[in-house]
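The structure appears right after this line, and notes come after that.
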Amino acid sequence: MSKPVFWPGKRYFYAIGNTSAVSLARDVPPEKDINLLLLGCGDPRNVLFTLFCEPDTATRKLDFTCIDFEPAVLARNMLLLSLIIDKKPTEHLFDIFFHLYLEENSLALLVSQCEVLFHASTTLKRWRESSYGSTLRMSSQHTLTELRWHWDQYAKMHTLPQTELQMIIKKFRAGVAEYQVQYKESMSASARSAGPLMIQGVKSLSECFHNFWRYGTTYSSGPHRSSATLLNPSFVYTQSGAGCFVHYGTDPVIPFHLAPIFGNSNSTLSQADIMKAIRVQFRDWCAAFNKYHEQGLCIVRVFFSDAIFCARALQICKRSGVMETRIPVCQWHTELITLDKEEYKHAPLVFDVVDTSNLHDHLGLINILVAAIPLLRGSGDGVLYLESLLTFSPDGNAPKDFAKDFYADLTVMSVLFCLCPVDYITGYSSRGNVHELIAYEQTRRGSTGLQQYHQTTTWRSLSTNPPMVDSWQLGTFLYDLYHSLFEEEDSETFWQKHSVNPHPALQQSSLAHYSRESFVLLLRFIRDELQIPREEWIAVLDRFFSLHISDTSMKMDTLRFHDLCGLLYYYGVYTVDVYRMVKMPCVGPFKAWSQVPPLVRVFLTVPREKLQILSKHTPTLEAGMQGPRMCNLFSSIHAAFGTLSAIGTPANPKVYFEEDRTGFQGTKPLIVSFVMPAILLTGFGSNYDPPESISISLHVNSNPANTVKYAQALGPYLEIYSAQLLDKGKVLVLPEQPLPSSISITTMVPSVPGPIGSQSPIKANFSEESNLIESFSTKIQVEDELAKSTLQSAGNVVVKQIFFNVAQLELGGRTQNVIFPFPITVTNHRLRIARKSLWIEVIVPLRKPFSQEGVIDPFPITAHSLMPWSIHRLNLECLPVLDLKNRKLHQWLDPHVAAAFSKREIKTRKKKDVDALMFVKDSISSIIVHSAGIQPQGSSLHHIFALRDKATNNCDTVIFIDQLRFDLSSHTIVCDGFVLPMNVQRLKKIAKDFGRLVPKMQSISLELGEITSWKQLLPVLVERCRTWTHLESCQYAVEGCIPLATKMETIPLCACGEGKDVQRMHNVALWKPLAKYCTRFALSPLFGVSYLETIGRTDRRCCICRANAGFTCPKCKKDRYCGQACQKKDWKRHKVVHHDAFEK
35 MSKPVFWPGK
45 RYFYAIGNTS
55 AVSLARDVPP
65 EKDINLLLLG
75 CGDPRNVLFT
85 LFCEPDTATR
95 KLDFTCIDFE
105 PAVLARNMLL
115 LSLIIDKKPT
125 EHLFDIFFHL
135 YLEENSLALL
145 VSQCEVLFHA
155 STTLKRWRES
165 SYGSTLRMSS
175 QHTLTELRWH
185 WDQYAKMHTL
195 PQTELQMIIK
205 KFRAGVAEYQ
215 VQYKESMSAS
225 ARSAGPLMIQ
235 GVKSLSECFH
245 NFWRYGTTYS
255 SGPHRSSATL
265 LNPSFVYTQS
275 GAGCFVHYGT
285 DPVIPFHLAP
295 IFGNSNSTLS
305 QADIMKAIRV
315 QFRDWCAAFN
325 KYHEQGLCIV
335 RVFFSDAIFC
345 ARALQICKRS
355 GVMETRIPVC
365 QWHTELITLD
375 KEEYKHAPLV
385 FDVVDTSNLH
395 DHLGLINILV
405 AAIPLLRGSG
415 DGVLYLESLL
425 TFSPDGNAPK
435 DFAKDFYADL
445 TVMSVLFCLC
455 PVDYITGYSS
465 RGNVHELIAY
475 EQTRRGSTGL
485 QQYHQTTTWR
495 SLSTNPPMVD
505 SWQLGTFLYD
515 LYHSLFEEED
525 SETFWQKHSV
535 NPHPALQQSS
545 LAHYSRESFV
555 LLLRFIRDEL
565 QIPREEWIAV
575 LDRFFSLHIS
585 DTSMKMDTLR
595 FHDLCGLLYY
605 YGVYTVDVYR
615 MVKMPCVGPF
625 KAWSQVPPLV
635 RVFLTVPREK
645 LQILSKHTPT
655 LEAGMQGPRM
665 CNLFSSIHAA
675 FGTLSAIGTP
685 ANPKVYFEED
695 RTGFQGTKPL
705 IVSFVMPAIL
715 LTGFGSNYDP
725 PESISISLHV
735 NSNPANTVKY
745 AQALGPYLEI
755 YSAQLLDKGK
765 VLVLPEQPLP
775 SSISITTMVP
785 SVPGPIGSQS
795 PIKANFSEES
805 NLIESFSTKI
815 QVEDELAKST
825 LQSAGNVVVK
835 QIFFNVAQLE
845 LGGRTQNVIF
855 PFPITVTNHR
865 LRIARKSLWI
875 EVIVPLRKPF
885 SQEGVIDPFP
895 ITAHSLMPWS
905 IHRLNLECLP
915 VLDLKNRKLH
925 QWLDPHVAAA
935 FSKREIKTRK
945 KKDVDALMFV
955 KDSISSIIVH
965 SAGIQPQGSS
975 LHHIFALRDK
985 ATNNCDTVIF
995 IDQLRFDLSS
1005 HTIVCDGFVL
1015 PMNVQRLKKI
1025 AKDFGRLVPK
1035 MQSISLELGE
1045 ITSWKQLLPV
1055 LVERCRTWTH
1065 LESCQYAVEG
1075 CIPLATKMET
1085 IPLCACGEGK
1095 DVQRMHNVAL
1105 WKPLAKYCTR
1115 FALSPLFGVS
1125 YLETIGRTDR
1135 RCCICRANAG
1145 FTCPKCKKDR
1155 YCGQACQKKD
1165 WKRHKVVHHD
1175 AFEK
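Sequential numbering of the sequence shown, starting at 35, is according to my numbering.
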């Protein structure tokens, strides 16, 4: 399997989400129906909040496919959604979903609803015909069966015999008590849901958390809390069995948005205050879902499966229409994924939105991208969300870990994935995570293990054909990537790289995300995504293996060579010579076989008692085969508890597996299977051992962490159990067929015709070391007669840039756009021109982050959908209004706005250097603080702002702001206002009314060139919140450009939104006459990108006590101290961490 198999130890139940809800439709045009895929969906908060954020007048359909590997999560979700459909009281719904203990009436409702669901789910057909079937869908029969079993357990639990029920209750209470002892200290995880008000919420929210775990409810006191004593069965049953497996960080507060609760309060909030506000949010979410159900505009389809396995099954169905796959539902189960044929007549297989929750933390970034991207809608319309929440960062720099998680250059990986992070390209984000940075900095010092740092990235395609890549260079890059992925399997390499502060690295090594199968699937993905022809692909892998054979630095890799080669063959990626053998000897386990295939599947039965050594730890497991001369390891194993029986005949062997439903709680042995090359078991040739001397084994992966933990008990090879190959009671071998290969590509991507001539495919040119892409190039064969004539008469070829990744060639009055797969800069472009042969080759370097070159419009809009490309959409009407009279407003809003700037931008501003984006961010900050009246503190509010060009003192744009709102899921604030753009003609029309405004205006002085940036930004700010539809006569369509103009005294906006949704302007006498010329817009801070650069000021604070630091260590020149006492206290650690400085 692409993700290494871990012994799960204690598997926690994530019944409630661990981050606040977000709208998954925030980057999709408002008129478009949406197919959404939620990989690792967790609770339904994002489904509910997405529907809540839709405008009241919305008529589009939203189709959610929700995948989770824990059926109890899906069973609870469907229980809640069915209760909403039945319009049951939301106060009971909240208790049923969030409380560990229930009152009698809530439990009775839960039981009766589960009985209804149980009887409605006897068959898929009956479920579809039920009152829930039009909205709540099942992806497979196995999903329905699992959910039905859970509903049955929920309904029956409190009718079990008293001894059995009391045992469950006792076990659950013991688990809760363990958490209470273990986590006595302040818990601040829920405070991240308060965003910029995190610090204000820590104390109150920590009390809420501890009260929840003390009483099992969110009631702070009174009869509700005292009568909630009945164990909620929906928290009891999981794949781990019956008991308390609820994650210790579970907190009913986290899914909700807490910023308006704290931000609009002038007093200290009690738990009752907080929960009252949260229940209002929950009620509104439920109402939105019920509305969509009644209108038939929503589908929620659930799918019980591992996220990556399910994604691969959907890929197969999309590619070939096959619904019965050879892919298991998930680890520790043997059921294969079979999509329901009736459901998948119409269910989507291509998605506008793919959300991956924080699977990045658990499955690995590369694995997630390889699984998800093929399901994403192409042509630049699809959007992918990645999240990470956990970090081991050994250097204390978690914000930068995202880029490191690619194990290679982020730009190269983006080009190969044909997808890129939006904020990596733009250099800004409309989502705030300043509170995360602050919390991380406060907790990271003194921590040696796992920490939390929440980071979300949005990925889009730049809408282009895949590039060509030189086979030699690509093969070199891929081998370097392979080396980076697996080099730390060798202890010597690991300890060399982590000789200082090894503890975080040891923890991380025990949670490896990648196996050889991961890499093989990445290779297949790159081959298919780049459409590399077969012969060229063979050349890529030939280069890869030439380096692999020459590299002797990875000793452990030699044990996994056959694992790699077997999987390459299994997935149809590459065939090494040994698999081309016509015939292998039928000996040993193959004695009765007529022919031995290249691959076999080996099954090993492991007695359950041999697994006790693993206990509650989570080591990686792998299989092995060894003999006197051979030792090979295989990381792609599948495991499940049960009994295996040999059926069929010796010549045609088959097996029957009976799964142990009780899994880890049962008594049956563990059955491990894996694919391997058959030749290793034949004794063929002098390098192979005879079958009778070969054993098959199960091991703990020998990474440094596992070696430290298990070597004494399991020996140097960390072997858990082994059996002889020919022991048919313990080992069975079956032939294994390779998977069908993707469609063979034998021709190159065709040339693209254009106004000047046919363009060849874009070529990506690597650096000499093959670790970076330095440039793109393409050749245009000049075919237009006028362009030919100009070229032959020595006419100039002009190249200019019109978008991040688009260059425009001009020749003989003709223009032709060239679209590249990544942002470029034409400033240093090169041209090769053949005037006789009539071709032009253009070579452009890639744009580097924060470079001013190549940024024609930093605020792009997708032309065909009028969708902001880099700034998320908002439904302003569902966002709470900020109370500007709040006495504590300045305490959090001022630092929040200031933190939008990076350390680099702060330096740029001090030096008064030119930076267009920084200028705009500065002006936005000024508008926000003046409209909030917080600079200086207590100053009067300003509502009208004139954008005034500093050089000319002219103003052609006026902004009206009467409300600030909380942008809930993006953890920031947004100015809800109206913009009045003017040209000379309009100013003449409104001169009298405009003149009355002038005394009330606050001038915002714009730096050199900033007026252009604002005219580019304004269409985005309008589009992100519009509730109206563009006219057929829209100037954007007629003129073919957005904005319409960028020069002073021109109007950049179309007229479609003028006078619409401006009712509030009519309430202000001075504003009313101008309302018909104004358009509503949403203005919010643009934040720095924390994985690219340091955000905010670097305070000179003591690294021990965090007081102001008076001096810096003269040796390391890094650590700062407030005085000699702290320096002396830190001496022991300091000398170890900075030993290099002391050895000089």
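All residues carry an ideal CB built from backbone N, CA and C; glycine is no exception. Since this is a predicted model, take the numbers as computed values, not measurements.
DSSP places Asn830 in the coil class of the three-state scheme, outside both helix and strand. DSSP places Ile350 in the helix class (H, G or I) of the three-state scheme.
DSSP places Ala673 in the uninterrupted beta strand (DSSP E) bounded by Ile671 to Gly682.
Secondary structure note for Ser1037: its beta strand (DSSP E) is the uninterrupted segment Gln1036 to Leu1040. Contact annotation: the stretch 337-355 does not touch the stretch 310-318, with fewer than three C-beta pairs closer than 8 Å. Collapsing the DSSP output to three states places Ser580 in a helix. By the Cβ criterion, the stretch 1108-1124 is not in contact with the stretch 915-926, since fewer than three pairs of Cβ atoms, one from each stretch, lie closer than 8 Å. Under the 10 Å beta carbon count, His898 is surrounded by fewer than 16 other beta carbons and is classified as exposed.
Around the C-beta of His176, 16 or more other C-beta atoms lie within 10 Å, and the residue is accordingly described as buried. Three or more Cβ pairs closer than 8 Å define a contact, and the stretch 796-807 falls short of that threshold against the stretch 664-676. For Ser804, there is no enclosing alpha helix (DSSP H), as DSSP gives it neither H nor E. By DSSP's assignment, Glu875 forms a beta bridge with Lys813 and Arg866. Rounded to whole angstroms, the Cβ separation of Ala473 and Ser222 is 7 Å, and the two are in contact under 8 Å. From the listed residues Ile874, Ser809, Ser54 and Met112, the smallest Cα separation to Thr445 is found for Ser809.
Non-local C-beta neighbours of Gly509 in its own chain, meaning closer than 6 Å and more than five positions away in sequence, comprise Val574, Arg577 and Phe578, ordered along the chain. Per DSSP, the unbroken beta strand (DSSP E) holding Asp97 starts and ends at Leu96 to Asp102. Contact between the stretch 61-72 and the stretch 264-281 is absent, with fewer than three C-beta pairs closer than 8 Å. Only exposed fits Pro195, as fewer than 16 other CB atoms lie within 10 angstroms of its CB.
Taking a contact as a CB-CB distance under 8 Å, the pair Gly658 and His733 counts as one, their CB atoms being some 5 Å apart.
Here Leu181 is not near Cys148, since their CB atoms are 8 Å or more apart.
The residue among Leu540, Gln771, His976 and Phe83 with its C-alpha nearest the C-alpha of Leu908 is Phe83.
Judged by their CB atoms, Lys822 and Gly398 are not nearer to each other than the 8 Å cut-off. In the DSSP annotation of this structure, Phe1012 is not part of any alpha helix (DSSP H); the continuous beta strand (DSSP E) holding it starts and ends at Thr1006 to Pro1015.
With fewer than 16 other Cβ atoms inside 10 Å of its own Cβ, Glu138 counts as exposed.
Look at Asn721 here: in three-state DSSP terms it is coil, with no helix or strand label.
As a beta-bridge residue in DSSP terms, Pro362 pairs with Leu370. Counting every other CB atom within 10 Å of its CB across the protein chains shown gives Ser720 a total below 16, marking it as exposed. Gly622 is a Cβ neighbour of Leu715, given a cutoff of 8 Å. Take Leu1040, set aside five residues on each side of it, and the residues of its chain with a beta-carbon closer than 8 Å to its own are Phe953, Ser957, Leu981, Arg982, Asp983, Lys984 and Trp1048, in chain order. For Leu231, the CB contacts under 6 Å within the same chain, skipping 5 residues up- and downstream, are Ala293, Phe296, Gly297 and Trp926 in chain order.
According to DSSP, Thr490 shares a beta bridge with Glu421.
Of all alpha-carbon atoms in Tyr605, Val640 and Glu770, the one lying nearest the alpha-carbon of Ile754 is that of Val640.
Look at Pro787 here: in three-state DSSP terms it is coil, with no helix or strand label. In this structure, the beta-carbon distance from His863 to Val852 does not fall below 8 Å. Here DSSP, grouped into helix, strand and coil, assigns Lys797 to strand.
Rounded to the nearest whole angstrom, the C-alpha separation of Phe343 and Pro662 is 37 Å.
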